[in-house]
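Enquirer:
In my numbering, the protein residues as written are 1458 to 1544.
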């Protein structure tokens, strides 16, 4: 069931994403970005942390997990470009 917990309470179904799934998405984004930009993953972690990308990925999980990994990496690249251009 893809790491999603489902609860039935008073006839309403509640779903909760697994922290593990969010972590896996973040790791995949780090590795994909590193590969695309010829960087080491640890360098990407520092870059993402410095620019708020790690937190952004986790808060946008509900949307990003429905997209391909390439689309998620494009999302990160676009946001990072905007953040760096604004500095």
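Think of the CB as a built atom: it goes at the ideal place given N, C-alpha and C, for glycine as much as any other residue.
Count the other C-beta atoms from every protein chain shown that fall within 10 angstroms of the C-beta of residue 1459, then say buried if there are 16 or more, exposed otherwise.
Expert: As a first step, residue 1459 must be located in the chain shown, where it is residue number 2. Reliability fails at residue 1459, whose pLDDT of 49 lies under 50, so the model's placement of it is uncertain and no value is given.
Enquirer: Can you tell me the Cα-Cα spacing of residue 1498 and residue 1544, whole angstroms?
Expert: As a position in the chain shown, residue 1498 is number 41, starting the count at 1. As a position in the chain shown, residue 1544 is number 87, starting the count at 1. Each residue's Cα considered, the two are about 23 Å apart.
Enquirer: Measure from the alpha carbon of residue 1541 to the alpha carbon of each residue in 1515, 1507, 1512, 1529, then state which is nearest.
Expert: Start at 1 with the first residue of the chain shown, and residue 1541 comes out as number 84. Selected option, being the one with the closest Cα: 1507.
Enquirer: Would DSSP call residue 1496 helix, strand or coil?
Expert: What you label residue 1496 is simply residue 39 of the chain shown in a count that begins at 1. Residue 1496 falls in the coil class under three-state DSSP.
Enquirer: Tell me which residue opens and which closes the alpha helix (DSSP H) that residue 1519 is part of.
Expert: In the chain shown, the residue the question calls residue 1519 occupies position 62. Run containing residue 1519: 1518-1521, per the alpha helix (DSSP H) assignment.
Enquirer: Would you identify the three-state DSSP class for residue 1480, choosing helix, strand or coil?
Expert: Numbered from its first residue, the chain shown carries residue 1480 at position 23. In this structure, residue 1480 counts as helix in the three-state DSSP scheme.
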